[in-house]
Amino acid sequence: MFGRLRQKIVDGLRKTRDAIAGQVERIASAGRPVDDALLDELEEALLSADLGPELAAELRDRLGQRLRGEAVGGPDQVLGVLREEILALLPPRVPETRPTAPPRVTLVVGVNGSGKTTTAGKLAALWGREGRKVVVAAADTFRAAAVEQMAIWAERSGAEVVRSQPGADPAAVAFDAARAARARHADELLVDTAGRLHNKKPLMDELAKIARVIAKEIPGAPHETLLVLDGTTGRNAVIQAREFTRVAPVSGLVLTKLDGTARGGVAVAIGRELGIPVRYVGVGEAADDLLLFEAEEYVAGLLAPPGTKGE
Ligand SMILES: Nc1nc2c(ncn2[C@@H]2O[C@H](COP(=O)(O)OP(=O)(O)OP(=O)(O)O)[C@@H](O)[C@H]2O)c(=O)[nH]1
Ligand SMILES: [Mg+2]
């Protein structure tokens, strides 16, 4: 029996899991000797799921150390060994930053269309379900539709939204929201920002300004800066994150749209490569399709026999 969360991971990662498992089934048929040729093929399979060159090479080594010269017991044996070795190679979980007094402020950043507003909406829903009082700042004032989109998400989850006219100063909206969050004794303040290009300096300046004005009202804020990355972009997400972290104090990553890709391995590789913890993964467009990233659950969902239904 799997829990509901596990079920969600299993469903969301179906494409990646079936792709990996399908390849492992072909490569690691029972009785085949574990030699360089087999290890090369497995490394390729891991690369195609975007586990990253570094992790794929290390897993190849570990697998070789454990099984070289033996005959494969079957695909399930190899998937099991891979699961164990990936978990052994992952960094320990880093706890989230908690302020000494509420509200905790979370800034949501990332490039256009990566899933920022949706993620902010899902977080508002998640925290609302936990009984936390949430204020949301619709600080993407470039597009009227963006403010509306954020407001709809907030309304659905019972969060209060602070908004302004389209074209207003995003930092002013963030400041008003920080005020409101304090006045209402909110537990959480979520700040949705505009999709900005990481190489456009003025936009980055604006992000810094938003952080600065919030800190004036709530010392120590923002406590978390979540960088939202589109998981379907695979390795490009890694490159994008590298550029982004150079200019923004990113404290956590969110990988979205993992339900739509066969490259879900990127969520495992990216935190390790960047030294920034993956906090959440998005596996759909509904309010409850945002999951806390738990390496063990995730890896189990990624490397299971094909057709695993989670029940
Ligand atoms: N399948 C799937 N779709 C997602 C997920 N997260 C976001 N989306 C979709 O991706 C699209 C873009 O999401 P937004 O939240 O608007 O992205 P954004 O980063 O706020 O975009 P801008 O405000 O334009 O920069 C929407 O159609 C979302 O429904 C996810 O985990 N899975
Ligand atoms: Mg948006």
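Residue numbers (this note's numbering): 1416 to 1726.
Cβ coordinates follow ideal geometry from the N, Cα and C atoms, glycine included.
What did DSSP end up calling Q1422 once you bin it into helix, strand or coil? Collapsing the DSSP output to three states places Q1422 in a helix.
List the endpoints of the continuous alpha helix (DSSP H) containing E1545. Segment: none, E1545 is in no alpha helix (DSSP H) and carries neither H nor E.
What are the partner residues of G1697, as DSSP defines its beta bridges? As a beta-bridge residue in DSSP terms, G1697 pairs with L1705.
From L1494 to V1520, what does the alpha carbon distance come to, in whole angstroms? Using only the alpha carbons, I get a separation of about 40 Å.
C-alpha gap between M1416 and Y1713, whole angstroms: Residue confidence for M1416 is low, a pLDDT of 42 falling below 50, so the modelled location carries little weight; the figure read from the coordinates is stated next. About 16 Å.
Where the alpha helix (DSSP H) containing G1686 begins and where it ends: Per DSSP, the continuous alpha helix (DSSP H) segment holding G1686 begins and ends at 1681 to 1689.
Thinking C-beta only, is V1653 closer than 8 Å to G1697? No.
Does the count of Cβ pairs from the segment 1509 to 1529 and the segment 1658 to 1668 closer than 8 Å reach three? Note that the segment 1509 to 1529 touches the segment 1658 to 1668; at least 3 beta-carbon pairs, one per stretch, sit closer than 8 Å.
Contained alpha helix (DSSP H) runs [length at least 4] in the segment 1457 to 1504, N- to C-terminal order: As far as the segment 1457 to 1504 is concerned, its whole alpha helix (DSSP H) runs of at least 4 residues are 1468 to 1482, 1490 to 1504.
For ligand 2, is there a heavy atom less than 7 Å away from the beta-carbon of A1553? For ligand 2, not one heavy atom lies less than 7 Å from the Cβ of A1553.
Using a Cβ-Cβ cut-off of 8 Å (strictly less than) and excluding sequence neighbours within five positions of A1460, which residues of its own chain qualify? Only I1435, Q1438, V1439, I1442 meet the Cβ criterion.
Looking at A1586: is its Cβ nearer than 8 Å to the Cβ of I1625? Going by beta carbons, A1586 and I1625 fall inside the 8 Å limit.
If you drop the 5 nearest sequence neighbours on each side, which residues of the same chain put their C-beta closer than 6 Å to that of A1540? So the list reads S1572, A1702, once near-sequence residues are dropped.
Anticipated Cβ contact below 8 Å, I1633 with R1597, distance rounded: The pair is a contact, with the Cβ atoms about 7 Å apart (cut-off 8 Å).
Just to check, is the beta-carbon of K1548 closer than 7 Å to a non-hydrogen atom of ligand 2? Not one heavy atom of ligand 2 is found less than 7 Å from the C-beta of K1548.
Nearest by alpha-carbon distance to E1711: which of A1719, V1628, P1490 is it? For the residues A1719, V1628, P1490, the minimum Cα distance to E1711 belongs to A1719.
Does the beta carbon of G1610 fall short of 7 Å from some heavy atom of ligand 2? Using a cutoff of 7 Å, the CB of G1610 counts as near ligand 2, since one of the ligand's heavy atoms is closer than that.
Which of helix, strand or coil DSSP assigns to E1726: Note on E1726: pLDDT 48, under 50, position unreliable in the model; the coordinate value appears next. DSSP places E1726 in coil when its eight states are reduced to three.
Are there any heavy atoms of ligand 1 lying less than 7 Å away from the beta-carbon of V1698, as far as the coordinates show? True, at least one ligand heavy atom lies under 7 Å from that Cβ.
Identify whether L1428 lies in helix, strand or coil by the three-state DSSP scheme. Looking at L1428 - three-state DSSP - the assignment turns out to be coil, as it is neither helix nor strand.
Could you tell me whether any non-hydrogen atom of ligand 1 is closer than 7 Å to the CB of Q1422? No.
What runs of the beta strand (DSSP E), each 3 residues or longer, lie entirely inside the segment 1611 to 1653? Whole beta strand (DSSP E) segments, 3+ residues: 1639 to 1645.
Kindly give me the distance between the Cβ atoms of D1645 and T1671, rounded to whole angstroms, as I take these residues to be in contact under 8 Å. Contact holds; Cβ gap of about 6 Å.
Do T1512 and ligand 2 come close, with the Cβ less than 7 Å from some heavy atom? Result no, Cβ not under 7 Å from ligand 2.
Mapping the DSSP letters down to three states, classify P1720 as helix, strand or coil. Three-state result, P1720: coil.
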